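J.: A single structure is presented below for examination.
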């Protein structure tokens, strides 16, 4: 394997590892659910993307053809992780989980809870 490919693979693995480490640290250290959601979502999308891209480069070189399995997994994660975080946040709001006082923009949580459902149009 050429040296430049090994360097690319190592850099992608390091980037992925750093994002995963920071994501797990943020999950352990951040105080409430609204701030904790950001950290693992970034870790899963960016960290796993780095690891999967390095795997794609390695296997593409080994097999002599482009490996698309890792690319499909990456696209799946890029689509599903933000949707999952959104659904978790909506559930926390629905169950009236209180944000901490230190949380920035905590007033937005109460503003979202107080929002009225759209009125249905009787003519439709």
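In my numbering, the protein residues as written are 503 to 626. All C-beta atoms in this analysis are idealised placements derived from N, C-alpha and C, irrespective of residue type, glycine included. Computed from a predicted structure; not experimentally measured.
#1: Return yes when the Cβ of residue 549 is within less than 8 Å of the Cβ of residue 578, no when it is not.
#2: Just the C-alpha distance for residue 592 and residue 611, rounded to the nearest angstrom, thanks.
#3: Between the stretch 509 to 526 and the stretch 555 to 571, are three or more C-beta pairs nearer than 8 Å?
#4: What is the DSSP secondary structure of residue 503, counted as helix, strand or coil?
#5: Should residue 582 go down as buried or exposed, given a rule of 16 or more other Cβ atoms within 10 Å for buried?
#6: Where does the unbroken alpha helix (DSSP H) through residue 622 begin, and where does it stop?
#7: So the alpha helix (DSSP H) residue 583 belongs to, where does it begin and stop?
#8: Does the beta-carbon of residue 545 have 16 or more other beta-carbons within 10 angstroms, so that it is buried, or is it exposed?
#9: Is residue 567 helix, strand or coil by DSSP?
#10: Confirm, please, whether the CB-CB distance from residue 519 to residue 541 is below 8 Å.
#11: For residue 573, tell me which candidate among 563, 584 and 552 has the shortest Cα-Cα distance.
#12: Evaluate residue 539 with the Cβ neighbour count: other Cβ atoms within 10 Å of its Cβ, from every protein chain shown; 16 or more gives buried, anything less gives exposed.
#13: Hey, out of 560, 563 and 586, whose CA is closest to residue 543's CA?
T.: Looking at the atomic coordinates:
#1: Along the chain shown, read from residue 1 onward, the residue named residue 578 stands at position 76. Along the chain shown, read from residue 1 onward, the residue named residue 549 stands at position 47. Not closer than 8 Å, so no.
#2: Taking the first residue of the chain shown as 1, we reach residue 592 at position 90. Taking the first residue of the chain shown as 1, we reach residue 611 at position 109. Approximately 10 Å between the Cα atoms of the pair.
#3: yes
#4: To locate residue 503, count along the chain shown from 1; it is residue 1. Here residue 503 sits in coil by DSSP.
#5: The sequence position of residue 582 within the chain shown is 80, counting from 1. With fewer than 16 other Cβ atoms within 10 Å, it is exposed.
#6: Residue 622 sits at position 120 when you count from the first residue of the chain shown. Note, residue 622: premise wrong, no alpha helix (DSSP H); not H, not E.
#7: What you label residue 583 is simply residue 81 of the chain shown in a count that begins at 1. Unbroken alpha helix (DSSP H) run through residue 583: 571 to 596.
#8: Position 43 of the chain shown holds residue 545. Flag for residue 545 reads buried.
#9: In the chain shown, counting from the first residue as 1, residue 567 sits at position 65. Residue 567 falls in the coil class under three-state DSSP.
#10: The residue labelled residue 541 in the question sits at position 39 within the chain shown. The residue labelled residue 519 in the question sits at position 17 within the chain shown. Not a contact, by the Cβ cut-off of 8 Å.
#11: In the chain shown, residue 573 corresponds to position 71, counting from 1. Among 563, 584 and 552, the Cα nearest to that of residue 573 belongs to 552.
#12: Position 37 of the chain shown, counted from the start, is the residue given in the question as residue 539. That one is buried.
#13: Within the chain shown, residue 543 is the residue found at index 41, counting from 1. Of the candidates 560, 563 and 586, the one whose C-alpha sits nearest the C-alpha of residue 543 is 586.
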